[in-house]
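Asker: With the first letter of the sequence shown counted as 1, position 160 gets the number 160 in the UniProt record's numbering; the numbers rise by one all the way through.
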Amino acid sequence: MAENLVIVESPSKAKTIEKYLGKKFKVIASMGHVIDLPKSQMGIEIENDYNPKYITIRGKGPVLKDLRSAAKKAKKIYLAADPDREGEAIAWHIANTLKIDISSDCRVVFNEITKDAIKESFKHPRPINMNLVDAQQARRVLDRLVGYNISPLLWKKVKKGLSAGRVQSVALRLIIERENEINAFIPEEYWSIKSNVLTKKDQFDANFYGLNGKKVELHSDEEVNNVLSQVKGNEFLVQSVTKKERKRNPATAFTTSLLQQEAARKLNMRAKKTMMIAQQLYEGISLGSGGPVGLITYMRTDSTRISEVASKEAIEYIQETFGKEFVAIEKKSEKKSDKVQDAHEAIRPSSTLRTPDTVKNHLSRDQYRLYKLIWERFIASQMAPAILDTVKIDLVNNDVIFRANGSVVKFPGFMKVYIESNDDGTEEKDRLLPELAEGEKVKLENIIPEQHFTQPPPRYTEARLVKTLEEIGVGRPSTYVPTLETIQKRNYVSLDNKRFVSTELGQIVFKLTHEFFPEIINIEFTVKMEKDLDQIEDGITNWIKIIDDFYKGFEPHLKKAEIEMQKVEIRDEPAGEDCEVCGNPMVFKMGRYGKFMACSNFPDCRNTKAIVKDINVTCPSCKDGKIIERKSKKNRIFYGCSHYPDCDFLSWDKPIARPCPKCEGMLVEKKLKKGIQVQCVSCEYKEEQQM
1 MAENLVIVES PSKAKTIEKY LGKKFKVIAS MGHVIDLPKS QMGIEIENDY
51 NPKYITIRGK GPVLKDLRSA AKKAKKIYLA ADPDREGEAI AWHIANTLKI
101 DISSDCRVVF NEITKDAIKE SFKHPRPINM NLVDAQQARR VLDRLVGYNI
151 SPLLWKKVKK GLSAGRVQSV ALRLIIEREN EINAFIPEEY WSIKSNVLTK
201 KDQFDANFYG LNGKKVELHS DEEVNNVLSQ VKGNEFLVQS VTKKERKRNP
251 ATAFTTSLLQ QEAARKLNMR AKKTMMIAQQ LYEGISLGSG GPVGLITYMR
301 TDSTRISEVA SKEAIEYIQE TFGKEFVAIE KKSEKKSDKV QDAHEAIRPS
351 STLRTPDTVK NHLSRDQYRL YKLIWERFIA SQMAPAILDT VKIDLVNNDV
401 IFRANGSVVK FPGFMKVYIE SNDDGTEEKD RLLPELAEGE KVKLENIIPE
451 QHFTQPPPRY TEARLVKTLE EIGVGRPSTY VPTLETIQKR NYVSLDNKRF
501 VSTELGQIVF KLTHEFFPEI INIEFTVKME KDLDQIEDGI TNWIKIIDDF
551 YKGFEPHLKK AEIEMQKVEI RDEPAGEDCE VCGNPMVFKM GRYGKFMACS
601 NFPDCRNTKA IVKDINVTCP SCKDGKIIER KSKKNRIFYG CSHYPDCDFL
651 SWDKPIARPC PKCEGMLVEK KLKKGIQVQC VSCEYKEEQQ M
């Protein structure tokens, strides 16, 4: 019988830890929280210092029974939930349930699930940190007071199933305000002039810069024609050649937010999927006969800090693999924001020596891709800056200046391993310019004016929304994914081409919360609440005082809303066709998997239909039906024959109306990472990629 009992959250984590601790330890899982606030009621005694009324979570009775049984047989019990507020609260609930003295050394925390880290953490157990518990409890109580007071109002005045919350309301506000910016946007015309220039051996492009030594912007074709009329002949004089050496520093190792953003850009992963896979890598993956191993450190963090041990191991690896010159000589000191808790290290591999290639055969495709991203980013963060040679060439013709910019990597440094993506998913490329000297003459091959119009700000992607929430200080690493999930689940927003668009329902909820609960969607107020929670964690502020201050201001708004908020009727949008069962008009309704068509005579007629879109392509299989656009239960678009089920043609790629010029087969639009390409499904025919 094991002398020591260790309680963690998940079975996979339990399995990994038990392997490291040996026979004297039994490790079991609580399967997350075992105690929580009731779902059927608010569960907060407002008149009794906001005391939370915790109950056993439905279905967790057998788990608690097993925990009690194991606890009776153990001499010592350790609580090893995750190293954050949520984990501390889980440990506190279990301690109270099993009657463990919370002031005893019962709590064990570790940032990575490796043999050394686990064994070291068990040498330094500590009491449960009640400041962390209070911070988690304050957030939970605060969210209950908001959600369980505003949500019933929205149910009564708008429709059932709605909710409101501090972070989700701010996220919804950002999306709607961006939509308003787009709608109010007035495009402005501007022009560019591109020239192709020839030397004796090379050619390169240069763009119009200005006139008479000053930068000039072009806003009309009249201004363009004025510039072109000043260009005399087809020769440019090289007015100046400016060469500089520029350093480019590596990006820091990942925080939660940065990981979600880069996984979206480089791997096309949704935030929820990124965190699910990161959890698997953290808790442990079986690497063969040795059993499961935690491959990365804790994945919910807002810190870019790296431990000395991890940094030293990385530097040794870099020196051995790439050479001394690739090691960062001096570390760039990161300026810590007051929005950063810095409770854990950045997300990094638990061992640099566990390279992606050595573990690839033991990981799924997505596990490997995410681990490789984390590993490469961390290694690059410990490497020397890249050195680039930049060149700026100014060409002049009758006081008309064209400029060419180029850069070449002189020393790759960290870029040998990893290059951070831009927001559009692209990476900086070399642009080599020929060697030219001042006073030299080059030939103008052609000149191309182009008209442009300014574009509205882009809608938020998941990655961009997470980045914005982090920048303004709303939410924490553990709240980003639940926030994104909630606003989609409630149908406040939808995803169009992976970008958030507010729905009519979202706009109604935003308008009501903005009118009656302005503090809930006020960004400054929400940021202040996050700072207050951090102060509770640091032991500076009492959690009951923070909640009381909030509720005293919130309660008058609540009473006013109960009296003055008007009922909002959301009318169903006509679908433009009649029900084939009863003849009444069909309408669009919103269901669990998105919009669908239903009879307006419900409940007398229960006829429903999926929304389909004819793309004007004849079915290549039956040669009779039309190809229509449909949506799967997971809201993914696919294409099928209108004669289904008699014809079972199906394609995830969009067919197009013309046949393949090579074999007469079906052409489809294949979505690639950076654009669309027309391809034949029957032969190797491909057309040039469209961006």
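Even for Gly, the Cβ is constructed at its ideal location relative to N, Cα and C.
Is it buried or exposed for ILE540, if we count other Cβ within 10 angstroms and need 16 for buried?
Answerer: Translated into positions along the sequence shown, residue 540 becomes position 540. So ILE540 ends up on the exposed side.
Asker: What first and last residue would you give for the alpha helix (DSSP H) that runs through ASN491?
Answerer: For this step, residue 491 is matched to residue 491 along the sequence shown. In the DSSP annotation of this structure, ASN491 is not part of any alpha helix (DSSP H), being labelled neither H nor E.
Asker: Using the beta-carbon count (16 or more within 10 Å), is GLN341 buried or exposed?
Answerer: By 1-based counting over the sequence shown, the position of residue 341 is 341. Caution is warranted here: a pLDDT of 49 is assigned to GLN341, below 50, making its placement in the model unreliable, and the coordinate value is therefore given only provisionally. Buried, because 16 or more other Cβ atoms sit within 10 Å of the Cβ of GLN341.
Asker: Applying the criterion that 16 or more other CB atoms from any shown protein chain within 10 Å of the CB defines a buried residue, is GLU3 buried or exposed?
Answerer: Mapped onto the sequence shown, residue 3 falls at position 3. Exposed: under 16 other Cβ atoms inside 10 Å.
Asker: Give me the Cα-Cα distance between THR503 and ALA80, rounded to the nearest whole angstrom.
Answerer: Against the sequence shown, residue 503 aligns to sequence position 503. Against the sequence shown, residue 80 aligns to sequence position 80. One C-alpha to the other measures close to 43 Å.
Asker: Name the one or two DSSP bridge partners that TYR190 has.
Answerer: Position 190 of the sequence shown, counted from the start, is the residue given in the question as residue 190. Answer by DSSP bridge pairing, in chain order: HIS452.
Asker: Hey, would you say PHE414 sits closer than 9 Å to PRO434, going by beta carbons?
Answerer: What you label residue 414 is simply residue 414 of the sequence shown in a count that begins at 1. What you label residue 434 is simply residue 434 of the sequence shown in a count that begins at 1. Result no, Cβ atoms of PHE414 and PRO434 do not sit closer than 9 Å.
Asker: Does DSSP put PHE525 in a helix, in a strand, or in coil?
Answerer: Within the sequence shown, numbered from 1, the residue matching residue 525 stands at position 525. Helix, per DSSP.
Asker: Please classify PRO292 as buried or exposed, where buried requires at least 16 neighbouring CB atoms within 10 angstroms.
Answerer: Stepping through the sequence shown from its first residue, residue 292 is reached at position 292. Burial call: buried.
Asker: Is the distance from the Cβ of LYS671 to the Cβ of VAL678 below 9 Å?
Answerer: Taking the sequence shown and counting its residues from 1, one reaches residue 671 at position 671. Taking the sequence shown and counting its residues from 1, one reaches residue 678 at position 678. No, these two residues do not count as a Cβ contact at 9 Å.
Asker: Compare the Cα-Cα distances from CYS663 to each of ILE523, CYS680, TRP652 and report the closest residue.
Answerer: Your numbering for residue 663 matches position 663 in the sequence shown. The option with the nearest alpha carbon to CYS663 is CYS680.
Asker: Where LEU667 and ASP614 are concerned, what is the direct C-alpha to C-alpha distance, given to the nearest angstrom?
Answerer: The residue you call residue 667 lines up with position 667 of the sequence shown. The residue you call residue 614 lines up with position 614 of the sequence shown. Each residue's alpha carbon lies about 17 Å from the other.
Asker: Using alpha carbons as the reference points, say which of ALA657, ASP624, THR526, LYS552 lies closest to TYR644.
Answerer: Taking the sequence shown and counting its residues from 1, one reaches residue 644 at position 644. TYR644 has its Cα closest to that of ASP624, out of ALA657, ASP624, THR526, LYS552.
Asker: Tell me which same chain residues have a C-beta within less than 8 Å of the C-beta of GLY161, skipping the five on either side of it?
Answerer: Numbered from its first residue, the sequence shown carries residue 161 at position 161. Within the same chain, TRP155, ARG490 come within 8 Å of GLY161 by CB-CB distance, once the 5 residues on both sides are set aside.
Asker: Looking at the unbroken alpha helix (DSSP H) that takes in ALA384, where does it start and where does it end?
Answerer: Position 384 of the sequence shown, counted from the start, is the residue given in the question as residue 384. No alpha helix (DSSP H) contains ALA384, which DSSP labels as neither H nor E.
Asker: Just to confirm my understanding: we take ARG499, look at its own chain, exclude 5 residues before and 5 after, and list those with CB closer than 6 Å. What are they?
Answerer: Position 499 of the sequence shown holds residue 499. Once the five neighbours on either side are set aside, the close Cβ partners of ARG499 are ARG459, THR461.
Asker: What residues are listed by DSSP as bridge partners for ASN405?
Answerer: The count along the sequence shown starts at 1 and reaches residue 405 at position 405. Partner(s): LYS392.
Asker: In chain order, what residues of the same chain lie with their CB nearer than 8 Å to the CB of MET130, ignoring the 5 residues before and after it?
Answerer: Taking the sequence shown and counting its residues from 1, one reaches residue 130 at position 130. So the list reads TRP92, ILE102, once near-sequence residues are dropped.
Asker: Quick check on this structure: which residue in VAL141, GLU189, LYS545 has the alpha carbon closest to the alpha carbon of GLN41?
Answerer: Counting from one through the sequence shown, the residue named residue 41 turns up at place 41. For GLN41, the nearest C-alpha among the options comes from VAL141.
Asker: As a quick exercise: from ILE544, THR390, VAL417, ILE285, pick the residue whose alpha carbon is nearest that of ASN361.
Answerer: The sequence position of residue 361 within the sequence shown is 361, counting from 1. Of the listed residues, the one whose Cα sits closest to ASN361 is ILE285.
Asker: Three or more C-beta pairs closer than 8 Å, one from the segment 292 to 303 and one from the segment 267 to 280: is that the case here?
Answerer: Yes, the segment 292 to 303 is in contact with the segment 267 to 280.
Asker: For GLN239, name the three-state secondary structure that DSSP assigns.
Answerer: Here residue 239 is taken as the residue at index 239 of the sequence shown, counted from 1. The answer is strand: DSSP assigns GLN239 an E or B state.
Asker: DSSP three-state label for GLU569, please.
Answerer: If you number the sequence shown from 1, residue 569 lands on position 569. The three-state secondary structure of GLU569, taken from DSSP, is coil.
Asker: Can you tell which of ASN268, LEU267, ILE379, GLU283 has its C-alpha closest to the C-alpha of THR321?
Answerer: Against the sequence shown, residue 321 aligns to sequence position 321. Taking only the C-alpha atoms, the option nearest THR321 is ILE379.
Asker: Label THR242 either buried or exposed according to how many other C-beta atoms from any shown protein chain fall within 10 Å of its C-beta, with 16 as the threshold for buried.
Answerer: Taking the first residue of the sequence shown as 1, we reach residue 242 at position 242. Classification of THR242: exposed, given that the 10 Å Cβ count is below 16.
Asker: Where does residue 701 sit, in a helix, a strand or coil, going by DSSP?
Answerer: What the structure shows of the chain is the stretch from 1 to 691, and residue 701 is not part of that stretch, so it cannot be assessed.
Asker: With distances taken from CA atoms, which of LYS19, GLY147, ILE182 is nearest TYR551?
Answerer: As a first step, residue 551 is located in the sequence shown; it is residue number 551 there, counting from the start. Here the closest residue by C-alpha is GLY147.
Asker: Per DSSP, GLY640 forms a beta bridge with which residues?
Answerer: Here residue 640 is taken as the residue at index 640 of the sequence shown, counted from 1. GLY640 pairs with ILE628, LEU650.
Asker: Beta-carbon within less than 7 Å of MET565's beta-carbon, same chain only, minus the 5 sequence neighbours each way: which residues are those?
Answerer: As a working note, residue 565 is residue 565 in the sequence shown. Result list for MET565: LEU153, LYS157, LEU512, PHE516, in chain order.
Asker: If contact is defined by three or more beta carbon pairs under 8 Å, each pair taking one atom from either stretch, is the segment 16 to 24 in contact with the segment 110 to 122?
Answerer: Result yes; three or more Cβ-Cβ pairs closer than 8 Å.
Asker: Within its chain, find whatever has a CB closer than 6 Å to the CB of ASN607; leave out the 5 residues flanking it on each side and keep chain order.
Answerer: By one-based count along the sequence shown, residue 607 stands at place 607. Same-chain partners within the cutoff: CYS579, VAL581, CYS599.
Asker: For a test of the three-state rule: what should DSSP assign to LEU597, helix, strand or coil?
Answerer: Looking up residue 597 in the sequence shown gives position 597. First, the amino acid is wrong: residue 597 is Met here, not Leu. In the three-state reduction of the DSSP assignment, MET597 falls in the strand class.
Asker: Would you mind sorting ALA657 into buried or exposed? The rule is 16 or more other CB atoms within 10 Å of its CB.
Answerer: On the sequence shown, residue 657 is found 657 positions in, with the first residue counted as 1. The residue is exposed, with fewer than 16 neighbouring Cβ atoms inside 10 Å.
Asker: When burial is assigned at 16 or more other CB atoms within 10 Å of the CB, is LEU650 buried or exposed?
Answerer: Within the sequence shown, numbered from 1, the residue matching residue 650 stands at position 650. LEU650 should be labelled exposed.
Asker: In terms of residues, what are the limits of the beta strand (DSSP E) holding GLY210?
Answerer: For the purposes of this step, residue 210 is taken as residue 210 along the sequence shown, with counting starting at 1. Run containing GLY210: 203 to 211, per the beta strand (DSSP E) assignment.
Asker: Taking just the CA atoms, how far does THR352 sit from GLU235?
Answerer: Stepping through the sequence shown from its first residue, residue 235 is reached at position 235. Stepping through the sequence shown from its first residue, residue 352 is reached at position 352. So the two alpha carbons sit approximately 56 Å from each other.
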